[in-house]
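First the structure, in the form of structure tokens, and then the observations on it.
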Amino acid sequence: MENDIESTIDVDGRTFRIAPLDHNSTNFFNRELSWLSFNARVLALAADDALPLLERVKFLAIYASNLDEFFQVRVAGLRDQVAGEVRIRTPDGRTPQEQLDAIRRALTGLERERQSIFTTQLVPQLRAEGISILRYAELGAEDAKVADVYFDEQVFPILTPLAVDPGHPFPFISDLSLNLGVRVRRSGDQRARFARIKVPATLGRLVPLGTPGSFIRIEDLIIAHLDQLFPGLEVVEHLAFRVTRNADLNYRDEEADDLLELVEMELRRRRLGGAVRLEIGASSGDAIRSLLRNELDIDQDDIYTDGSFLAMADLWELTKIDRPELEFDEFSPIIPARVSPRTGEDVDLFAELQSRDLLVHHPYESFSATTQELIRRAAADPDVVGIKMTLYRTSSDSPIIRSLVKAAERGKQVAVLIELKARFDERANIEWAKRLEQAGVHVTYGLPGLKIHAKLTMIVRREGGRMVRYCHFGTGNYNGGTARLYTDFGLLTASEKLGDELAVLFNTLTGYGGDVVYDDLLVAPNALRPRLAELIRNEMASENGRIIMKMNSLVDPSMIGLLYEASQAGVKIDLIIRGICCLRAGVPGLSDNIRVRSIIGRYLEHSRVWWFANGAGEGESMVLFGSADLMQRNLDRRVEAVIVIDDEKVAARLQQTLELELSPNLQTWKLKADGSWKRKAGETTLDLHGAFESQALERRRATHASSGA
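Per our numbering, the sequence shown starts with residue 6, numbered consecutively.
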């Protein structure tokens with residue numbers, strides 16, 4: 006586009022050049038380019054000398070892993086649209102092909118920056134700390150001996166060179182696998198032949214050597230021993246490469262008789278998805294590159310050369326080194342005082358929730374000692390007669406699943422809505438669904454055309470001759486692993502009003518139901534969009550309108566348009582958005598009153614919390630939180646649940662959290678009108694995650710002091 010300018014992110018004067026954005030044509034930033042801008046902010050942390058060294062390595066791995074999924078899903082989807090001759094333009098005015106072109110331009114500089122950070126910063130700094138990733142030629146005698154023995158005993162037995170010739174067709178290259186392409190020839194033969202070697206993922210990418218802290222890449226070890234794989238032949242050329250395939254599932258028949266069978270079939274198809282990216286190592290020859298391009302049917306523009314470290318997501322292996330001084334200080338989530346064991350006796354969680362609601366903020370407060378523990382106790386409690394849950398993603402060895410199985414085995418009524426179409430968790434969710442069904446749990450797979458993304462639990466308990474409901478509403482998944490890495494909120498409550506409404510919602514999800522009207526639940530796809538629009542317009546009608554909204558992504562054009570209207574009506578709007586933001590902030594006459602910031606750091610910001618100054622009437626604020634971002638898919642194509650917080654203490658704490666995240670001295674990214682992001686860092690700025698950790702530790706110290714511990 007003629008009006009494209011180069012957007013940047015700026016860290017203390019250091020500029021990262023990223024996605025080109027059309028500066029003049031529309032009021033929206035492009036979704037895909039905004040996502041690349043988010044990933045660039047992740048990459049910037051890998052270059053931040055103020056962070057511990059191994060944490061910077063993690064951010065580099067996260068950047069690479071994020072980009073893999075971006076190609077598997079977003080780029081793959083755009084390629085499908087181009088193949089289908091789709092010419093519908095996005096809100097920022099781009100066709101699918103124009104978006105692909107812009108992505109390629111943006112990635113040219115961004116990928117160059119990634120490789121530079123690794124080779125010129127992290128590699129020498131790691132080496133200075135006694136951590137080295139060496140080439141075979143760099144190995145000393147003892148390390149070379151260790152490497153040779155490892156190759157002979159562990160690697161060589163499982164390698165399978167596959168020849169490509171008239172009798173052997175080009176092999177299938179699986180998604181994200183690391184491979185070696187090799188050209189060999191016999192002595193005196195002018196013609197070289199091609200073979201492919203799949204690098205075994207089961208052995209790990211980095212092979213430890215005899216010198217502590219020293220490693221060699223497994224593909225380098227294989228290359229050093231190619232003569233053993235092709236005895237008597239001359240190795241003419243070798244090239245490491247990696248293919249990314251279309252991994253987005255396409256459910257063509259949402260009303261299939263057996264949704265589980267449909268998802269399993271689509272998972273088999275995913276393996277055969279078309280190639281959307283070819284990554285190759287540095288090489289002096291072009292023969293293998295040309296062969297791969299032809300066999301994979303991939304465009305020249307979709308080939309990315311990496312002379313530093315192919316598949317940088319594998320750098321996670323490096324962070325397993327026991328060097329705590331090179332990592333963030335270890336933090337153990339606290340157990341809230343109200344549910345912390347006293348004088349050796351467990352607290353009655355049900356009685357505590359009857360007294361008042363409990364808000365938990367993960368990972369600063371323990372998920373296992375609150376939400377997970379409540380479900381465990383419910384499974385064992387003879388007075389509990391039923392448990393209902395939604396499951397979108399959970400851990401590989403889920404204590405919650407075990408509790409649900411035990412509850413069913415003890416004769417309780419257990420119903421679970423499992424979202425089989427949770428991207429990249431489909432296979433795991435299928436296995437959980439089968440296990441739960443075998444235990445006697447009522448398993449429902451969702452609704453035609455909708456994903457169930459809401460995070461909900463309801464426990465029904467017999468107390469004094471009546472049935473009492475205990476509920477959990479969350480912003481994050483029921484996953485103990487991510488609860489230590491993602492920032493999320495959960496509300497545990499015995500509110501009769503919320504319990505009654507949640508009971509109706511579960512019945513409509515597992516059975517049938519029409520358009521249900523709720524008071525304190527905002528449920529997508531029917532009621533969330535109009536109710537949210539009503540709250541925004543209510544601020545526009547007030548003289549002191551103000552909105553604070555925290556979320557992962559802001560994409561929906563209608564909601565963005567409504568926020569523009571509110572800004573023009575004088576409403577002060579603060580948006581805290583970790584990832585994609587298609588709204589342009591601070592544009593004169595359009596969004597003067599809107600500020601956008603993005604918080605990226607030790608933990609992944611995942612909670613969705615909204616505050617309206619006049620949401621409950623003139624001068625009465627309203628706080629809501631739940632599972633939904635402001636994207637079309639969340640508002641229109643998913644079952645989402647957002648709740649209105651009635652408990653004044655809970656609402657006040659949520660509001661205080663938002664105010665801290667809006668502190669002027671916070672170490673955060675700020676979005677400028679031209680699409681660039683700027684972060685002020687340094688000793689005078691506040692690390693949000695560190696501040697929340699300190700608050701949690703102070704609460705624990707205060708609890709111990711009051712108990713005399």
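Heads up, the beta-carbon is just placed ideally off N, CA and C, and yes, glycines get one too.
The C-beta distance from R474 to A508 rounds to 6 Å, short enough to meet the 8 Å contact threshold.
A check of alpha carbon separations from L527 across F511, P57 and E645 identifies E645 as the nearest. T673 and N44 have their C-alpha atoms some 15 Å from each other. About 52 Å separates the beta carbon of I163 from that of R704, a gap too long to meet the 8 Å contact definition. Counting C-beta pairs closer than 8 Å gives three or more between the stretch 209–223 and the stretch 140–155, which meets the contact rule. In this structure, the straight-line span from the alpha carbon of D505 to that of S345 is close to 29 Å. The beta carbon of M394 is closer than 6 Å to those of V421 and T462 in its chain, skipping five residues each way along the sequence. Following the DSSP letters along the chain, one finds A532 in no beta strand (DSSP E), marked with neither H nor E.
A contact is defined here as three or more CB-CB pairs under 8 Å, and the stretch 648–667 meets this definition with respect to the stretch 603–616. Contact between the stretch 616–633 and the stretch 693–702 is not established, with fewer than three Cβ pairs separated by less than 8 Å. Taken atom to atom, the span from the alpha-carbon of L231 to that of V160 is near 12 Å. Residue burial is scored here from C-beta neighbours: M472 has fewer than 16 other C-beta atoms within 10 angstroms and is therefore classed as exposed. Counting the other Cβ atoms within 10 Å of the Cβ of S572 gives 16 or more, which makes it buried. About 13 Å separates the Cβ atoms of Y608 and T480, ruling out a contact at the 8 Å cut-off. Just so you know, the alpha carbons of A499 and L409 end up roughly 20 Å apart. Between the stretch 282–302 and the stretch 143–157 there are fewer than three C-beta pairs closer than 8 Å, too few to call the two in contact.
Runs of the alpha helix (DSSP H) lying entirely within the stretch 619–664, each at least 4 residues long, are 637–641 in chain order. For Y309, the enclosing beta strand (DSSP E) covers residues I308 to D311. Pairing I464 with A383 gives a Cβ-Cβ distance under 8 Å. Per the Cβ contact rule, the stretch 310–323 is in contact with the stretch 206–214 (3 or more Cβ pairs under 8 Å). Taking a cut-off of 8 Å for Cβ pairs, the stretch 68–75 and the stretch 83–98 do not touch, as fewer than three such pairs fall below it. For S612, there is no enclosing beta strand (DSSP E), as DSSP marks it with neither H nor E. Rounded to whole angstroms, the gap between the alpha carbons of L115 and F478 is 39 Å. Shown here, A374 sits in coil according to DSSP, grouped into three states, outside any helix or strand. If you look at W40, you'll find it in the alpha helix (DSSP H) that goes R36 to A51. With contacts defined as CB atoms closer than 8 Å, F697 and Y369 qualify as a contacting pair.
Cβ-Cβ separation between L496 and V655: approximately 7 Å, consistent with a contact (criterion under 8 Å). Counting the other Cβ atoms within 10 Å of the Cβ of L691 gives fewer than 16, which makes it exposed. Looking from the CA of Q104, the closest CA among Q86, R117 and S121 belongs to Q86. The beta carbon of D520 lies closer than 7 Å to those of N531 in the same chain, with the five residues before and after it left out.
Three or more Cβ pairs drawn from the stretch 234–244 and the stretch 172–188 lie within less than 8 Å of each other, which places the two stretches in contact. Rounded to whole angstroms, the gap between the alpha carbons of A49 and R343 is 40 Å. For V592, no alpha helix (DSSP H) run applies, since DSSP gives it neither H nor E. The C-beta distance from A51 to V281 rounds to 25 Å, too long to fall under 8 Å, and the pair is not in contact. Per DSSP, the beta bridge partners of D170 are H173.
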